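First up is the structure itself, then whatever we jot down about it.
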Amino acid sequence: MAGEVILTLVGNLVDDVELRFTPSGAAVAKFRLASTPRKFNRDTNAWEDDKDGSLFLSCSVWRQAAENCAETLAKGMRVIVQGRLRQRSYEDREGVKRTVMELEVDEIGPSLRSATAQVTKTGGQGKGQGRQQYEQARQASSQEGREDPWASGVPGTGPAQGAWGDDQPPF
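When you number the sequence shown by our numbering, it's gap-free, plus one each residue, and the end is 176.
Take a look at the structure:
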């Protein structure tokens, strides 16, 4: 799409990846990334973090990639992320209008600069552990005659409408 801002960032995960499912069953993962530029200090002959230049950015990734992220990545890991920068406005609980910038992730992977990784292909249709837990909870819920716990809209039980988008990504 014309006019989209595509970013490639390298940084560390601030939190563990949070995996949720929309009422229709689409996986969506959310995480925050901290990217801090480094500068070489000639006086100390060492690299130093530029604390004032740190960028903290909320990111979301959809479907199979979301499940793969949740199963693979953890807080503190260094990753390389590419996606589209999006601006979203909302009204908080106190009625204050807020605007946030978020990254809709297209590609993500671990940085191999100071780590190793073993890649396992999922085949694109594989069911990850998060998906299995979701399906088990959904079956148990329907067997007990209760509604889907992810669709309730109760904070902490699933993505809020508009907060993470609908079950379809906006791309």
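Just so it is clear, CB atoms sit at the ideal spot from N, CA and C, and this is done for glycine as well. All figures in this text were calculated on a predicted structure; none of them were measured in a lab.
With a threshold of 6 Å on Cβ separation, who are the neighbours of residue i within its own chain once the five nearest residues in sequence on each side are excluded?
i	result
Ile85	Val15, Gly114, Ser116
Asp21	Ala79, Lys80
Arg91	Glu107, Glu109
Ala34	Val22, Leu24, Val66, Ala71, Cys74, Ala75
Phe45	Trp52
So what does DSSP say about residue i, is it helix, strand or coil?
i	result
Asp20	coil
Glu76	helix
Ala39	strand
So, using beta-carbon positions, are residue i and residue j closer together than 8 Å?
i	j	result
Gly88	Glu109	yes
Trp67	Ala31	yes
Quick check on the burial criterion: 16 or more other C-beta atoms within 10 angstroms. Buried or exposed for residue i?
i	result
Val101	exposed
Leaving aside the five residues before and after residue i along the sequence, list all residues of the same chain whose C-beta is less than 7 Å from its C-beta, in chain order.
i	result
Asp54	Thr41, Arg43
Can you find a CB in chain D that lies within less than 8 Å of the CB of residue i?
i	result
Phe61	This model lacks chain D altogether, as it is built from one protein chain only.
Starting from residue i, follow its DSSP beta bridges and name the residues at the other end.
i	result
Asn50	Its beta-bridge partners do not exist; DSSP assigns none.
Ser94	Thr104
Pro115	Val84
Glu109	Ser65, Arg89
Ala32	Phe26
Lys44	Glu53
Val10	Leu90
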